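Notes for the one structure printed next.
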Amino acid sequence: MAGSTETPTVGQPLWLLAELTYQCPLHCVFCYNPTQHARINDEMSTAQWVDVMQQARKLGAAQLGFSGGEPLLRDDLEELVQEAHRLGYYTNLITSGVGLTPTRAQKLKDAGLDHVQLSFQDSTKELNDFLSHTKTFDLKQRVARLIKQHDWPMVMNCVLHRHNLPHVGKIIEMAVALEAEYLELANTQYYGWAWINRDHLMPTREELQEAEAVVNRFRAEQEGKTGPRTRVLFVVPDYFEERPKACMNGWGSVFLSIAPDGLAMPCHNARDLPGLQLPNVKDTSIAEIWQRSNAFNAFRGDSWMKAPCRTCDERHKDFGGCRCQAFLITGDATEADPVCSKSPHHEKVVQLVKQAPTRRSIPIVFRSDAESRLLHAEPNA
Amino acid sequence: MTAALSERPKLSRRFRLQYEEAQSRWVLLYPEGMVQLNHSAAEILQRCDGERSLPEIVAELEQAFNAQDLAPQVQSLLEEGQRRGWID
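As you go down the protein sequences, you meet chains A and B in turn. Residues in the first sequence are numbered from 721 upward in steps of one, following this note's numbering. Residues in the second sequence are numbered from 687 upward in steps of one, following this note's numbering.
Below, the structure written as structure tokens:
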């Protein structure tokens, strides 16, 4: 019924993402961290993180991802994993591999770490090292073997874009050779640094279709095979879709992200949304944040929706899509995700894809502290 | 194509079966995922320890729940579990 609203029911924050630090030894051009990361310095202490994990576990959190930045840059990571394990979390280390020495791997195993997600940038050394602006390809191979030696299930994650989409077959071969249980082929979504570099990363529809065909062929070959195998997830890029993703499975529905400075967010990109007044775990309890904060209630349910979402019969399926994407492209976070062909702004997405090849004279920007400060110059600084 | 069920089904070490107080139910945890189990699935999977045989699991469940002819239900859950990688 047009204009009808429902009182949103508040579920449980089943997924906790602990972004321990925004610091990272890599400089990936598609990083989704906020581009102002260099201005966010006041990282939480070990005791504050332990408190966060205890509170969230009581509220139902079961999956816990340690992420960043590079979480291995925190020397209290082992301590945090141990506490998480004691609390009954299923723990995941989301890492570039830099800093995962044999000694630390053993300590993390002893602490009870459940699995590791290792990022690769490409199947070739040249492109991996170029895109991350580091010499890390060989190191990642060594780390992958270390992960298997410790009997962790390994998720290999590779962010896809026009430079490595033609290598998807090789990337799959590499994942199989390294005995990854899961390969996540995540097409670039355009937030943070990836938004700045979108023209350089944007593939054509044909490039995407070819890569997807390679993935489907591999899946067909795997069908019916017994023994260990690599499951491939292919995350399609929003800009090439006609309907938006069910972002975060709905705002404030199951996902809780805590930034290095204690900012609590319903999505790890929400920092950039204007007017949200995001709460901070340093001064507010997680129960209060999850259940009663304005920020977590801002896009729950459907009463915030405008046309066309408001009356759309798919609104409880995709929840209007991604709020951050709506804001980045339309300037208004309450708009329908413009990825949706029903959005009056959909043509903007079409143009972003179409114009990308003509805008590649703009320099590519590697993520770094210096670039971050340039992009977010403080007045009077 | 489905491979034959193991004589003594065993929960894969890649999955963790755990009771979640906050949800009042058993779940299977695995990399980046969680399966929320119904009561009967949880009862079956708790007995998949690689020691009990399929008929033993069925007999135990029939006794515990004072029920009969549970074999088809157990068989079908285990087949699904195997397809989804829960069962070795």
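Ideal Cβ positions, reconstructed from N, Cα and C, are used throughout, including at glycine. Note that the structure is a prediction, hence the values are computed from the model and not measured.
| query | result |
| --- | --- |
| Proximity test, Cβ basis, 7 Å: A690 of chain B and chain A | no |
| Those runs of the beta strand (DSSP E) which lie wholly inside the segment 921 to 958 of chain A and span at least 3 residues | 951 to 955 |
| Rounded Cβ spacing between G720 of chain A and Y752 of chain A (contact assumed at less than 8 Å) | Residue 720 of chain A lies beyond the residue range present for chain A, which begins at 721 and ends at 1101; the question has no answer from this structure. |
| Pair within 7 Å by beta-carbon distance, A906 of chain A and V955 of chain A | yes |
| C-beta neighbour in chain A for E766 of chain B, strict 7 Å | no |
| Residues from the segment 887 to 904 of chain A in contact with chain B, defined by Cβ distance under 9 Å | E901, Y902, E904 |
| Members of the segment 773 to 801 of chain A near chain B, C-beta cut-off 9 Å | R777, K778, L779, G780, A781, A782, Q783, G785 |
| Proximal residues of chain B, C-beta to C-beta of N812 of chain A below 8 Å | P717, E718 |
| Where G723 of chain A falls, given that 16 or more other Cβ within 10 Å makes a residue buried | Residue confidence for G723 of chain A is low, a pLDDT of 41 falling below 50, so the modelled location carries little weight; the figure read from the coordinates is stated next. Classification for G723 of chain A: exposed. |
| Three-state secondary structure assigned by DSSP to I891 of chain A | helix |
| Whole-number beta carbon distance between V772 of chain A and V1001 of chain A, since they are thought to touch under 8 Å | 5 Å |
| Contacting residues, own chain, Cβ-Cβ under 8 Å from P733 of chain A (five flanking each side not counted) | A776, L779, G780, A781, V974, F975, L976, I1006, W1010 |
| Closer than 9 Å at the beta carbon, the chain A residues around V721 of chain B | Within 9 Å Cβ-Cβ: nothing; V721 of chain B doesn't reach chain A, min ~11 Å. |
| 8 Å Cβ cut-off: residues of chain B touching Q732 of chain A | A708, Q709 |
| Exposed unless 16 or more other CB atoms sit within 10 angstroms - verdict on R918 of chain A | buried |
| Contacts that V1070 of chain A makes with chain B (C-beta to C-beta distance below 8 Å) | Those do not exist, as V1070 of chain A stays about 32 Å from chain B at its closest Cβ, beyond 8 Å. |
| Whole-angstrom C-beta distance between V1069 of chain A and Y959 of chain A, which should lie under 8 Å | 5 Å |
| Assigned exposure category for N936 of chain A - 16 Cβ within 10 Å defines buried | exposed |
| Selection from A:D1038, A:E1055, A:K1037, A:L885 that minimises the alpha carbon distance to Q1045 of chain A | A:E1055 |
| Interface partners of V875 of chain A on chain B, CB under 8 Å | P717, E718 |
| Minimum C-alpha distance to C744 of chain A - residue among A:T950, A:K965, A:T815, A:D1022 | A:T815 |
| Cβ-based burial, H725 of chain B [other Cβ within 10 Å; buried from 16] | exposed |
| Nearest-angstrom Cα separation, counted from P1064 of chain A out to S710 of chain B | 44 Å |
| Beta carbon proximity, M687 of chain B to chain A, threshold 7 Å | With a pLDDT of only 41 at M687 of chain B, under 50, the local geometry of the prediction cannot be trusted, and no value is derived from it. |
| At least 3 beta-carbon pairs within less than 8 Å: the segment 795 to 811 of chain A vs the segment 1023 to 1035 of chain A | no |
| Proximity of D1022 of chain A and P964 of chain A at Cβ, strictly below 7 Å | no |
| Three-state secondary structure assigned by DSSP to S787 of chain A | strand |
| Contacts that V760 of chain B makes with chain A (C-beta to C-beta distance below 7 Å) | Those do not exist, as V760 of chain B stays about 22 Å from chain A at its closest Cβ, beyond 7 Å. |
| Short Cβ contact (7 Å threshold) for D851 of chain A with Q841 of chain A | According to the sequence shown, residue 851 of chain A is Leu rather than Asp. Against a cut-off of 7 Å, the Cβ pair of Q841 of chain A and L851 of chain A comes out as a contact. |
| Contact list for R702 of chain B against chain A, beta-carbon separation under 8 Å | Y810, D834 |
| Start-to-end residues for the alpha helix (DSSP H) that takes in I743 of chain B | 740 to 750 |
| Assigned exposure category for R1087 of chain A - 16 Cβ within 10 Å defines buried | buried |
| Nearest neighbour of Y809 of chain A, chosen from B:C734, B:A757, B:G719 [CA to CA] | B:G719 |
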